[in-house]
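First up is the structure itself, then whatever we jot down about it.
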Amino acid sequence: MLISRRGVLAASASLAGLALLPMAVRAQDAAAAPVQTADEMIAEFTGGADVTEGDAVKLTAPEIAENGNTVPISVEAAGASEILLIAAENPTPGVAKFSFGPLAAKQAAATRIRLAKTQDVVAIAKLADGSFVRTAANVKVTIGGCGG
Amino acid sequence: MAENVKPRVRVPKTASKDEVITIKTLISHPMESGQRKDKDGKTIPRSIINRFTVEFNGQLVLDSTLEPAISTNPYFEFDAKVPETGEFKFTWYDDDGSIYEDAHQVEVS
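These protein sequences, in sequence, are chains A and B. Per the UniProt record's numbering, residue 1 is the first one in the first sequence, and the count goes up by one each step. Per the UniProt record's numbering, residue 1 is the first one in the second sequence, and the count goes up by one each step.
Next comes the structure, spelled out in C-alpha cells:
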C-alpha cells in the first residue's frame, strides 16, 4: 500500500485529536482509497444548485449516542423525491440516500447508523419543486463506531 | 462474504384500500465497513449491502443507497400506501453480487 506524505500528515493530525483510538490508523487507510468528501457528495447530489437551510426536512437523532455503532435516526421531508444523509466526520462521509417512489406514503425513513465521533449529521432533501433543503443535527458520541 | 444472511420483514397481512402501513425490515449482515483491521493489522475488506429496494406490485416504494455508515444488521422503517391487494417485494444487494429477496402478500378488504 502506498502511504502518501499527505496521508501520514492527516493521520497524525487525527491522532492528536483522537489520542490512542485505532481510528487514526484507519483514517490513514481511508486516505489510500478514493473516498468522496462530504462536499463532493453534496455537489453530486445537488448538481451545484443552491441548498437552503429549512424546516422542510426533518432529521431526528439522539443528542447523545453512547454507542456510535448503532445510532437510531430518522428523516422526513414531505414531497421530497430524494433525501441524502451525510456524516462528514466519518472515514467515509456517505451514510445513505433514499429515493421515494409513488407508493411511499410519507417521504420518511428510519434506520440505524454508525458515527465515528461527535459530529453533525446532515440531511439534504430534494423537494418536489427541484429545490434543495438542508438540516443538521448534532450527535455527541461517547464510544466511536468506526466500523468496529 | 457474508454468511447467514437472513431478511426479516414485518408487514400487516391485511389493510384497507389506500391505507398507510408501516413496514419494518431487518437483515442480518455484518456490514463490514472496510475500516477495521484484523489481529494481524490487515484491513478487513469492505463487504456491505449497498442497495435496498421495496416495490409493491412492481411500483416503487423506496430505493435506498447504503454506505458503510449503516450499522450492522441494517434496519429500515418506512410508510407505504396500499392501493390494492398485492405483494411487497424487498431486495437487498450485497457488494459481493449476492441478492437477498423477501416478499409479503397484503390483502385489501
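Beta carbons are placed, not taken as given, at the ideal position from N, Cα and C, and that holds for glycine. Note that the structure is a prediction, hence the values are computed from the model and not measured.
Can you tell which of the options has its C-alpha closest to the C-alpha of residue i?
i: B/D96; options: B/R8, B/V9, B/N50 and B/R36; result: B/N50
i: A/V121; options: A/T111, A/I64, A/S131 and A/V139; result: A/V139
i: A/A77; options: A/M41, A/P91, A/K97 and A/A49; result: A/K97
i: A/Q119; options: A/V133, A/A104 and A/G144; result: A/G144
i: B/E107; options: B/Y93, B/I99 and B/P12; result: B/P12
i: residue 121 of chain B; options: B/M31, B/N57 and B/D38; result: Lying before the first or after the last residue shown, residue 121 of chain B is absent from chain B, which here runs from 1 to 109.
i: residue 110 of chain B; options: B/S16, B/F90, B/Y100 and B/D94; result: Residue 110 of chain B cannot be examined here, being either before or after the span of chain B that is shown, 1 to 109.
i: A/I64; options: A/A128, A/L115, A/S131 and A/T135; result: A/L115
i: A/L85; options: A/P102, A/G101 and A/T60; result: A/T60
i: B/I99; options: B/E87, B/A15, B/S109 and B/I48; result: B/I48
i: B/G58; options: B/S16, B/D94 and B/G86; result: B/G86
i: B/L60; options: B/D79, B/S71 and B/T43; result: B/D79
i: B/F88; options: B/R10, B/S109, B/V5 and B/N4; result: B/R10
i: residue 111 of chain B; options: B/K6, B/N4 and B/I21; result: Shown here, chain B extends from 1 to 109; a query on residue 111 of chain B therefore has no answer.
i: B/P68; options: A/G94, A/G130, A/V75 and A/I73; result: A/G94
i: B/S64; options: B/E19, B/D94 and B/G41; result: B/D94
i: A/F100; options: B/K17, B/V54 and B/A15; result: B/V54
i: A/I83; options: A/A125, A/P102, A/E89 and A/G47; result: A/A125
What span of residues does the alpha helix (DSSP H) with residue i cover, start to end?
i: A/E40; result: A38 to T46
Give me whichever residues DSSP pairs with residue i in a beta bridge.
i: B/L62; result: A/F100 and B/V54
i: B/I23; result: B/F78
i: B/A15; result: B/V108
i: A/V51; result: A/F132
i: B/A69; result: None; B/A69 has no bridge partner.
i: B/V9; result: B/T25
i: B/S47; result: B/E32
i: A/R114; result: A/R114 pairs with nothing; no bridge assigned.
i: residue 155 of chain A; result: What the structure shows of chain A is the stretch from 1 to 148, and residue 155 of chain A is not part of that stretch, so it cannot be assessed.
Just reading off the beta strand (DSSP E) that residue i is part of, what are its end residues?
i: A/V75; result: V71 to E76
i: A/R134; result: F132 to I143
i: B/H104; result: I99 to V108
i: A/N67; result: I64 to N67
i: B/E77; result: Y75 to V82
i: A/T60; result: K58 to T60
i: A/K126; result: Q119 to K126
i: A/A88; result: Per DSSP, A/A88 belongs to no beta strand (DSSP E) and is neither H nor E.
i: B/E87; result: G86 to D94
*Kindly confirm or deny that the segment 69-79 of chain B and the segment 23-30 of chain B touch, where touching means at least three C-beta pairs closer than 8 angstroms.*
yes
_Against chain A, which members of the segment 61-76 of chain B pass a CB distance test of less than 9 angstroms?_
V61, L62, D63, S64, T65, L66, E67, P68, A69, I70, S71, T72, N73, P74, Y75 and F76
*How do the segment 59-77 of chain A and the segment 35-45 of chain B stand: do at least 3 beta-carbon pairs fall below 8 angstroms, yes or no?*
no
*chain B contacts from the segment 102-119 of chain A (Cβ-Cβ distance under 7 angstroms)*: P102, L103, A104, A105, K106, A108, A109, A110, T111, R112, I113 and R114
*Spell out a yes or no on whether the segment 128-142 of chain A and the segment 90-106 of chain A are touching, meaning 3 or more CB-CB pairs, one atom from each, closer than 8 angstroms.*
no
*Mind checking the segment 53-76 of chain A against chain B and listing, in chain order, the residues whose C-beta falls within less than 9 angstroms of any C-beta there?*
N69, T70, V71, P72 and S74
*Taking a cut of 7 angstroms between CB atoms, which residues from the segment 78-95 of chain B lie near chain A?*
F78, D79, A80 and K81
*Would you list, in chain order, the members of the segment 78-99 of chain A that have their beta-carbon closer than 7 angstroms to a beta-carbon of chain B?*
A87, N90, P91, T92, G94, V95, A96, K97, F98 and S99
*At a Cβ cut of 8 angstroms, what residues of the segment 17-44 of chain B count as close to chain A, listed as they run along the chain?*
V20, I21, E32, S33, G34, Q35, R36, K37 and T43
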